[in-house]
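A short write-up of the structure that comes next.
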Amino acid sequence: MGTKGVPYPPERYDGEAGEVSALYRPDKAAPDLSYPNGVKVDYLATGATTAGDYGLYRWHFGPNETGPGPHFHRAVAESFYVLTGTVRIYNGEEWIPASAGDFVHVPVGGLHGFRNVTDEPASMLLHFTPGAPREGYFEGLRELAEGTELGPDDLAEFYKLHDNYWVD
Numbered sequence: 001m002g003t004k005g006v007p008y009p010p011e012r013y014d015g016e017a018g019e020v021s022a023l024y025r026p027d028k029a030a031p032d033l034s035y036p037n038g039v040k041v042d043y044l045a046t047g048a049t050t051a052g053d054y055g056l057y058r059w060h061f062g063p064n065e066t067g068p069g070p071h072f073h074r075a076v077a078e079s080f081y082v083l084t085g086t087v088r089i090y091n092g093e094e095w096i097p098a099s100a101g102d103f104v105h106v107p108v109g110g111l112h113g114f115r116n117v118t119d120e121p122a123s124m125l126l127h128f129t130p131g132a133p134r135e136g137y138f139e140g141l142r143e144l145a146e147g148t149e150l151g152p153d154d155l156a157e158f159y160k161l162h163d164n165y166w167v168d
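Numbered according to full-length UniProt numbering, the sequence shown terminates at residue 168, and the numbering increases by one at each position without gaps.
And the structure:
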């Protein structure tokens, strides 16, 4: 049986018998980050824990409108998998309603945004590849939401450092 399409990447493990290295995070674990507006974030697999391969986060929206407007990334691709509720995702042309089970992939440079615009909570998985240190970005956003003020130049540098480029 052959493979079609992209070949397997080169081997990266050269041990003989495998190793005990699985990471486990129970569903009931406390969120890693909470925002004043009710958003909660679970760091499921960070770039640090995946050797830079990817980052995976569970994003819990509160019942109020929250989420970023249109933007793009120069260094990472981002994917969304809706777990509960309905999330509006900007696909570069329009805001589409994505419901539980829906998936959206945005390649590097692709315009996107996401928002909960219903009165109900929603949750989704955010997947970044490669595994950029998004935790610093999420934590910086919380500081801004809690009242930390940055001048225009510092704010622009914060977004650039975290590969976020906003569009109108």
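All C-beta atoms, glycine included, are put in the ideal place defined by N, C-alpha and C.
Asked: Thr129 versus Asp119 - alpha carbon distance; Found: 31 Å
Asked: Runs of beta strand (DSSP E) lying entirely within the region 101–146, each at least 3 residues, in chain order; Found: 103–106, 113–115, 122–129
Asked: Under 8 Å between C-beta atoms of Phe72 and Gly110; Found: yes
Asked: Terminal residues of the beta strand (DSSP E) in which Asp42 lies; Found: 40–45
Asked: Glu78 burial status per 10 Å Cβ neighbour count (16 or more: buried); Found: buried
Asked: Other residues of its chain near residue 170: CB distance less than 6 Å, five sequence neighbours each side excluded; Found: A question about residue 170 goes unanswered here, because the residues of the chain that appear run from 1 up to 168.
Asked: Selection from Leu141, Ala156, Leu155, His162 that minimises the alpha carbon distance to Pro36; Found: Leu141
Asked: Counterpart residues of His60 in DSSP-defined beta bridges; Found: Lys40, Ser123
Asked: Opening and closing residue of the beta strand (DSSP E) in which Leu83 lies; Found: 77–84
Asked: Per-residue DSSP class, three states only, for Tyr165; Found: strand
Asked: Contact under 8 Å by Cβ, Arg58 with Leu125; Found: yes
Asked: Cα-Cα separation, Gly151 to Leu144; Found: 11 Å
Asked: Closest by C-alpha distance to Val108, when choosing among Ala132, Asp27, Val82; Found: Ala132
Asked: Sequence-distant residues of the same chain with beta carbon closer than 7 Å to Thr49, five excluded per side; Found: Leu23
Asked: Simplified DSSP assignment, three categories, for Tyr159; Found: helix
Asked: Residues that Tyr6 bridges to, as DSSP identifies them; Found: One point to set straight first is that residue 6 is Val, not Tyr, in the sequence displayed. Beta-bridge pairing links Val6 to no other residue.
Asked: Inter-residue Cα distance where the pair is Pro63 and Tyr90; Found: 19 Å
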